[in-house]
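Residue numbers (UniProt numbering): 1 to 149.
For every residue, glycine included, the Cβ atom is placed at its ideal position computed from N, Cα and C.
Take a look at the structure below.
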């Protein structure tokens, strides 16, 4: 391809070629003081590729690489926020699940307490009736004794 200094956007193919070469050369991992040389070496390698149609230097490829990285991180952050809303939704559902479980437990305990109270009330009623019957029998026996006696 003919190289030109004319300003133009990076093509998808140029980006892919850059990323593949960055993966192979890992210029960002160069020792301190060697970064500029590593990026310049990468630029020279790219310019020798047939499918890379740009005139670049080390600084240009480093800047483009950084722009691609930043763009990807922004995308990840946006995706995380989107799934974060899913996460908030999940948290909301989990809280509601816990609250409903607690609500059901409280309701069951209230029903159990009411049943026990009804049972106790019935027992008390039975005791009162039994006491009344007993008292009635005692009075009856006393009256009977008075009448006899």
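Is residue 21 near residue 46, with beta carbons less than 8 Å apart?
Counting from 1 along the chain shown, the entry for residue 21 is found at position 21. Counting from 1 along the chain shown, the entry for residue 46 is found at position 46. Closer than 8 Å, so yes.
Within its chain, find whatever has a CB closer than 7 Å to the CB of residue 49; leave out the 5 residues flanking it on each side and keep chain order.
Taking the first residue of the chain shown as 1, we reach residue 49 at position 49. If we look at residue 49 and ignore the five residues flanking it on each side, its Cβ neighbours are 17.
Once the 5 residues before and after residue 40 are set aside, which same chain residues still bring their CB inside 6 Å of it?
For the purposes of this step, residue 40 is taken as the residue at position 40 of the chain shown. Counting only Cβ-Cβ distances below 6 Å, and skipping sequence neighbours, we find 58.
CA-to-CA distance, residue 138 to residue 115, given in whole angstroms
The residue given as residue 115 occupies position 115 in the chain shown. The residue given as residue 138 occupies position 138 in the chain shown. The straight-line gap from Cα to Cα measures roughly 34 Å.
Residue 10 versus 56, 129, 135, residue with shortest Cα-Cα distance:
Position 10 of the chain shown, counting from 1, holds the residue named residue 10. Selected option, being the one with the closest Cα: 56.
So residue 53 and residue 15 are in contact, right, with Cβ under 8 Å, and what is the actual spacing, rounded?
The residue given as residue 53 occupies position 53 in the chain shown. The residue given as residue 15 occupies position 15 in the chain shown. Their Cβ separation, rounded to whole angstroms, is 12 Å, which puts residue 53 and residue 15 out of contact at 8 Å.
Can you list, in chain order, the stretches of the alpha helix (DSSP H) that have 4 or more residues and sit fully within the segment 9 to 42?
Scanning the segment 9 to 42 for uninterrupted alpha helix (DSSP H) segments of 4 residues or longer gives 12 to 25, listed from N- to C-terminal end.
Between which residues of its own chain and residue 65 is the CB-CB distance below 6 Å, once the five residues before and five after are set aside?
To locate residue 65, count along the chain shown from 1; it is residue 65. Once the five neighbours on either side are set aside, the close Cβ partners of residue 65 are 22.
Between the CA atoms of residue 8 and residue 24 - distance to the nearest angstrom
Locating residue 24 in the chain shown gives position 24, where the first residue counts as 1. Locating residue 8 in the chain shown gives position 8, where the first residue counts as 1. Taking the straight line joining both Cα atoms gives about 26 Å.
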